[in-house]
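Which chain is which? The protein sequence lines are Y and U, in order. Plus 978 on top of the position in the first sequence (first one is 1) and you've got this note's numbering. Plus 8 on top of the position in the second sequence (first one is 1) and you've got this note's numbering. Read through the structure below, which is laid out as C-alpha cells, and then see the notes.
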Amino acid sequence: MNKIVEKEYFSANVVKLVIEAPLIAKARRAGHFVIVRVGENGERMPLTIAASDIEKGTITLVVQKMGVSSTKLCDLNVGDYITDVVGPLGKATHIEKFGTVVCAGGGVGVAPLLPIVEALKKAGNRVITVLAARTKDLVILEKQIAEFSDEVIVMTDDGSYGKKGLVTNGVEEIINREQVDLCVTIGPAIMMKFVALLTKKYNIPTVASLNTIMVDGTGMCGACRITVDGQTKFVCVDGPEFDAHKVNFDEMLMRLGAYRDEENAAKEKFKN
Amino acid sequence: MKEDRNTPWREALRQSMKPKERVAIERVKMNELDGEYRSHNSEEVNQGLTKEQALVEAKRCLDCADPTCVTGCPVNINIPGFVKNIERGEFLEAAKVLKETSALPAVCGRVCPQEKQCESQCIHLKMGKQPVAIGYLERFAADYERESGQISLPAMAAKNGRKVGVVGSGPSGLSFAGEMAKMGYDVTVFEALHEIGGVLKYGIPEFRLPNQIVDVEINNLGKMGVKFVKDCIIGKTITVDDLKAEGFEGLFVASGAGLPNFMNIKGENLIGVMSSNEYLTRVNLMHAASDDFDTPIVKGQNVAVIGGGNTAMDSVRTARRLGAQRAMIVYRRSEEEMPARLEEIKHAKEEGVEFMTLHNPIEYIGDDKGHVVAMTLQKMQLGEPDASGRCRPVPIEGAVETIPVDQVIVSVGVSPNPLVPRSIEGLNVSKKGTIEVDTETMQSSIPAIFAGGDIVRGGATVILAMGDGRRAAAAMDKFLKK
C-alpha cells in the first residue's frame, strides 16, 4: 500500500501523482518503470517513473485517463492508498556524453522523458527537446523540461501553442540546422514510429521507450513481447528502451489493440 | 526409518494381515467430479479419499523391510511410516510423519508425478499389480489434519535472532522458510508479485490445487514467525547489499523459471497467441475470467495449446472451463512421451480435450487486424531416440494441415528469470541462465547466497523445488554456525 501525497491536474485527463515509495525512490534511475494495481480486483499496469525524491521518499507518476484502470488511478486523491506499487523495473536508460541529443516527447510521454532529459544534461550533453501535443492544454511539464534543456521546441497539431505541426517537423528542423548525435523518443507508438522513420533517413541513432501491455512486468508472461531486428524481445526485462530503427512498430501497434473490445466493454460498464 | 519400522505397533500391524491378502485388495479409485460437469467450473476435480477408502488402501502397503518407494521420492519421505499410521487410524500422526520431510504435503499429494516417483518403485508393480496409491494417501493425511483444525506446528528451536532472507515465495522458498524458522532463524520472504505462493498461485489452477490449501500453509508459516514482504524485487527494489547492511546473514534465491519459451515461428506474435504463463496468470492470479476483476481475457472458442507437459494440460483444461468449444493439445511426439502426469492427461480427455499428437505448429495465420485465425501443423512421426531417451519427432514431408483457431497457448517450457541473477555481482550463472550451486548444499559461488528450485534446475517439479529448500536450509544453518 502506497500513499498518495500530492496530486495535480495537468489537464482534464492527465494527472500527476506523487506517491510514497521510499525504496523505489532510492533505487530508480531514468528509464525505469513501476507496476501499479488499484484495488484488490485491479489489473497490473506499467507506468514509467517521471521523477523521484529520495529525501521525501516519493516517486512521481503522470497518468492519462485511458481505460478503466488508469481512470481508477486518476480518481484517487491525496491521502488515498494505491494497493500495489512495485519496481523499479526494466533497464535504466544508458546515459553518457553523446554530444547533441534531441529528445522528442509526445502527450504523456513527456513525463518519462523528463528524467532522461535531466540525466543527459547532467552528463554534459547539449539537449534540445521537442514537446508535441494535440493542442495547447495538453502540453505538459514544459517548465521542468526547459530547466534541463538547452532549447525547447513546442509543436501543436492545431497551432494553438508553439509551432503548428507534428513532432517530426520539430525534429527535422533541428536535424537540418545542426549535427545531432542521438535522438530519444517517448510517446504514442505511432509517433515513435514516425520519429524513427525520420531519423533513420538521416542515420541518427535513436532510442525509443516502449509502453506495451504487461501483466507481471518481471519477464514471466511475455504479454509485452515485440520484434526488434527480427527477434522477439520482452519490453519488461529487455527494455523498455530499444533501438527505434529496429523496432517493428506496426506489430507493436497491432498488439496494443489485443484487448480493445474487452477494454471498451469494460469502459462502458465502468461509466454506468 | 528402520527403527520406526520395528516399533511394536508396526510389527503387530504387519502381523495382522497376510501379505497375500494385502496384495489381493484392488487399488482405490480417486473420487472425482464428473468430466462434463467439471469442465464448466473451477471446482477441484479430485475429491479425495474417504476415511474408509484410506483405511483400506493403507492396508495394501506391505511395509517392506527395504521400502523402495522411499528411494523413488525426491525428498525421501518416510512413506511406510505415514501409510501405516493411516492403517491404524492415527491420521494426525500420519500427517506429522509427512511433515518431518515435506513442508507442503497437501500440495505434493495433489501435484507430484507419483507414477514416476514413489509409486513407480512400489513392490506391487513387480507382482503385476497396481502400486499403492501413495499420493492419494498423502493428500488424505494432509487434508485430514487441515480439516480437523488441529494442524500441528512443528517443534520450534529458541529464536537465535539471526536474519535470513528468501527471494520468491514459491514451493522452494516456502519450504526453506519453514525449515529455517524451525531452527530459530528470523526469516523474511520477499515476493515480487502481490500474492504469496509463486507458481502454486499464478500457475496451478484452482481445479487442481485450490488456493485456500496454499493459504493455510502460508498462514502456518506466518504463525511460525516467517515474515512476508510482497511487491518487493530483490535486485531491483532492494539490492543484496542493502539486505546485508540491514543485517541479513544469508539469502536463499528461489525466484523460479520465469521466462516463457516461444518457438520463434511465423505469426507467433499475432493477437491471441500467448504463453501459458500469461494465460494462467491472467486467469489464476488476476482472476480475469471473473467479471468483477479488471484484467481482461479473451475466451477463445477454438483453442490450441502447444506442448505436452502439466502446464499445457492446465492451460487446455482452463480453456475448456472458459467455454472453448474445441480445446486441443498439439504435441509433436506421441502420448507415450508426454511429460504431463498421467492423471492430468486422463482428466483432460474426460473433459473433452482433443489430443493432436505427432503434430507440430509451423505457422500461425492472422486476419487483417492481426488476430490469429488458423494454424498450420506439420505432421510428425517418431524416429530414433534422442539424448533425452525419448523418440525424436521427425516431420513427414508434405504432410501439412491448416486448422482454424482463435487462441493459441504456447506451453513449451520456461527459462530461468534473469532478473535476480543479473542483479547479483559475482554470482556464477550457467549458459542457460540458471544459478550454479553445489548440488549437495545448494550454495552458490557467493558463500552467503544459496539457491534452489527452478532458478537452479531450469524447470522441474514442486517436490524437487521443496527438496532444494530443505537441503539449502540445513546447509545454510551449518554455514552460519561455523
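All C-beta atoms in this analysis are idealised placements derived from N, C-alpha and C, irrespective of residue type, glycine included. On a predicted model such as this, the values are computed, not experimentally measured, just so you know.
(request) Can you tell me the Cβ-Cβ gap for Gly-1083 of chain Y and Leu-1109 of chain Y, rounded? I've got them flagged as a contact below 8 Å. (result) Counting from 1 along the first sequence, the entry for residue 1083 of chain Y is found at position 105. Counting from 1 along the first sequence, the entry for residue 1109 of chain Y is found at position 131. Indeed, because the Cβ distance is near 6 Å, the residues count as touching under 8 Å.
(request) Identify the contact partners of Cys-1052 of chain Y in chain U, using a Cβ-Cβ distance below 8 Å as the criterion. (result) The residue labelled residue 1052 of chain Y in the question sits at position 74 within the first sequence. Simply none; closest approach about 14 Å.
(request) Could you tell me whether the stretch 351 to 362 of chain U touches the stretch 325 to 341 of chain U, using the rule of 3 or more Cβ pairs below 8 Å? (result) yes
(request) Closer than 7 Å by beta-carbon distance: list the chain Y residues that pair up with Leu-7 of chain U, in chain order. (result) Look at the range of chain U in this structure, 9 to 490, and you will see that residue 7 of chain U is not part of it.
(message) Looking only at its chain, what residues have a beta carbon closer than 7 Å to the beta carbon of Leu-217 of chain U, apart from the 5 residues adjacent to it on each side?
(response) Counted from its first residue, the second sequence places residue 217 of chain U at position 209. Cβ neighbours of Leu-217 of chain U beyond the five flanking positions: Val-115, Arg-118, Val-119, Leu-208.
(request) Express the C-alpha separation of Phe-487 of chain U and Leu-133 of chain U in angstroms, rounding to a whole number. (result) To locate residue 133 of chain U, count along the second sequence from 1; it is residue 125. To locate residue 487 of chain U, count along the second sequence from 1; it is residue 479. Cα to Cα, the separation comes out at about 42 Å.
(message) What does DSSP give as the partner residue(s) for Leu-1054 of chain Y in the beta ladder?
(response) Reading the first sequence from its first residue, position 76 is the one you call residue 1054 of chain Y. None; Leu-1054 of chain Y has no bridge partner.
(request) Have a look at the DSSP bridge pairing and note the partners of Met-372 of chain U. (result) Taking the second sequence and counting its residues from 1, one reaches residue 372 of chain U at position 364. The sequence given here has Tyr at residue 372 of chain U, not Met. DSSP, once it has assigned bridges, lists U:Met-383 as partnering Tyr-372 of chain U.
(request) May I ask you to report which of helix, strand or coil DSSP gives Asp-194 of chain U? (result) Stepping through the second sequence from its first residue, residue 194 of chain U is reached at position 186. Strand, per DSSP.
(message) Below 8 Å on C-beta distance, what does Arg-465 of chain U contact in chain Y?
(response) Position 457 of the second sequence holds residue 465 of chain U. Near Arg-465 of chain U there are no residues of chain Y at all, since even the closest Cβ is about 17 Å away, more than 8 Å.
(message) Can you confirm whether the stretch 1187 to 1198 of chain Y touches the stretch 1104 to 1119 of chain Y when touching is taken to mean that 3 or more C-beta pairs between the two stretches lie within less than 8 Å?
(response) no
(request) Could you check which residue in U:Ile-404, U:Val-418, U:Lys-238, U:Val-464 has the C-alpha nearest to that of Asn-277 of chain U? (result) In the second sequence, residue 277 of chain U corresponds to position 269, counting from 1. The residue with the shortest Cα to Cα distance from Asn-277 of chain U is U:Val-418.
(request) Report yes if the CB atom of Gly-211 of chain U is closer than 7 Å to the CB atom of Leu-288 of chain U, and no otherwise. (result) Here residue 211 of chain U refers to the residue found at position 203 when the second sequence is read from its first residue. Here residue 288 of chain U refers to the residue found at position 280 when the second sequence is read from its first residue. A contact, by the Cβ cut-off of 7 Å.
(request) Using a Cβ-Cβ cut-off of less than 7 Å, give me the residues of the stretch 177 to 205 of chain U that come near chain Y, in sequence order. (result) Ala-200, Leu-201, His-202
(request) Give the straight-line distance between the Cα atoms of Cys-1081 of chain Y and Asp-1115 of chain Y, rounded to the nearest whole angstrom. (result) By 1-based counting over the first sequence, the position of residue 1081 of chain Y is 103. By 1-based counting over the first sequence, the position of residue 1115 of chain Y is 137. Taking the straight line joining both Cα atoms gives about 21 Å.
(message) Against chain Y, which members of the stretch 125 to 153 of chain U pass a CB distance test of less than 8 Å?
(response) none
(request) Could you confirm whether any beta carbon from chain Y is found closer than 7 Å to the beta carbon of Asp-239 of chain U? (result) Taking the first residue of the second sequence as position 1, residue 239 of chain U is located at position 231. Output row for Asp-239 of chain U: interface = yes.
(message) Let's test the definition: count the other Cβ atoms within 10 Å of the Cβ of Leu-350 of chain U and tell me whether it reaches 16, buried, or not, exposed.
(response) For the purposes of this step, residue 350 of chain U is taken as residue 342 along the second sequence, with counting starting at 1. Exposed.
(request) Report the residues of the stretch 1229 to 1249 of chain Y with a CB closer than 8 Å to any CB of chain U, ordered along the chain. (result) Glu-1229, Met-1232, Arg-1233, Gly-1235, Ala-1236, Tyr-1237, Glu-1240, Glu-1241, Ala-1244
(request) Evaluate contact between the stretch 386 to 404 of chain U and the stretch 264 to 282 of chain U, counting only Cβ atoms and requiring at least three cross-stretch pairs below 8 Å. (result) no
(message) Please identify the residue among Y:Ala-1089, Y:Arg-1104, Y:Glu-998 whose C-alpha is closest to the C-alpha of Gly-1035 of chain Y.
(response) As a position in the first sequence, residue 1035 of chain Y is number 57, starting the count at 1. The shortest Cα separation from Gly-1035 of chain Y among Y:Ala-1089, Y:Arg-1104, Y:Glu-998 belongs to Y:Glu-998.
(message) For a cutoff of 7 Å on Cβ pairs, would you count Ser-1030 of chain Y as touching chain U?
(response) Within the first sequence, the letter at position 52 stands for residue 1030 of chain Y. No, its Cβ sits nowhere closer than 7 Å to a Cβ of chain U.
(request) Report the option in U:Arg-147, U:Ala-73, U:Asp-74 whose CA atom is closest to the CA atom of Leu-100 of chain U. (result) Here residue 100 of chain U is taken as the residue at index 92 of the second sequence, counted from 1. The residue with the shortest Cα to Cα distance from Leu-100 of chain U is U:Arg-147.
(request) Note down, in chain order, every chain Y residue with its Cβ under 7 Å from the Cβ of Ser-283 of chain U. (result) Numbered from its first residue, the second sequence carries residue 283 of chain U at position 275. What Ser-283 of chain U touches in chain Y: Cys-1199, Gly-1200.
(request) Spatial neighbours of Ser-47 of chain U within its chain, please: CB distance less than 7 Å, with the 5 preceding and 5 following residues excluded, ordered by chain position. (result) Working through the second sequence from its first residue, we reach residue 47 of chain U at position 39. Cβ within range, chain order: Arg-328, Arg-329, Glu-359, Gly-360.
(request) Run the CB neighbour count on Ser-283 of chain U, radius 10 Å, all protein chains shown included, and call it buried at 16 or more, exposed below. (result) Translated into positions along the second sequence, residue 283 of chain U becomes position 275. So Ser-283 of chain U ends up on the buried side.
(request) With DSSP as the reference, please indicate the residues paired to Gly-173 of chain U in a beta bridge. (result) In the second sequence, counting from the first residue as 1, residue 173 of chain U sits at position 165. For Gly-173 of chain U, which the question treats as bridged, DSSP gives the partners U:Thr-196, U:Leu-259.
(message) Please tell me whether Gly-378 of chain U has its Cβ less than 7 Å away from any Cβ of chain Y.
(response) Within the second sequence, residue 378 of chain U is the residue found at index 370, counting from 1. Yes, because at least one Cβ of chain Y sits closer than 7 Å to the Cβ of Gly-378 of chain U.
(message) Any contact between the stretch 369 to 378 of chain U and the stretch 64 to 76 of chain U? By contact I mean 3 or more CB pairs, one from each, below 8 Å.
(response) no
(request) With DSSP as the reference, label Val-311 of chain U as helix, strand or coil. (result) Translated into the one-based positions of the second sequence, residue 311 of chain U becomes position 303. Residue state, collapsed to three classes: strand.
(message) Strictly by DSSP, which residues pair up with Ala-1186 of chain Y?
(response) Locating residue 1186 of chain Y in the first sequence gives position 208, counting from the first residue. Per DSSP, Y:Thr-1163, Y:Phe-1220.
(message) Just to make sure I have the definition right: I need the residues of chain Y whose C-beta is within less than 8 Å of the C-beta of Leu-289 of chain U. Which are they?
(response) As a working note, residue 289 of chain U is residue 281 in the second sequence. A small fix is needed here, since residue 289 of chain U is Thr in this sequence, not Leu. Here the neighbours are Val-1193, Asp-1194, Met-1198, Cys-1199.
(request) Tell me Arg-1022 of chain Y's beta-bridge partners as DSSP assigns them. (result) Residue 1022 of chain Y sits at position 44 when you count from the first residue of the first sequence. Y:Arg-1015.
(request) Go ahead and pull the three-state DSSP assignment for Thr-1061 of chain Y. (result) As a position in the first sequence, residue 1061 of chain Y is number 83, starting the count at 1. Thr-1061 of chain Y: coil per DSSP, three-state reduction.
(request) Give every residue of the same chain whose Cβ lies closer than 8 Å to the Cβ of Gly-97 of chain U, excluding the five residues on either side of it in the sequence, and list them in chain order. (result) Your numbering for residue 97 of chain U matches position 89 in the second sequence. Taken in chain order, the residues that qualify are Leu-63.
(message) For Asn-368 of chain U, count the other beta carbons within 10 Å of its own beta carbon; 16 or more makes it buried, fewer makes it exposed. Which is it?
(response) Stepping through the second sequence from its first residue, residue 368 of chain U is reached at position 360. Counting Cβ neighbours within 10 Å, Asn-368 of chain U comes out buried, since at least 16 surround it.
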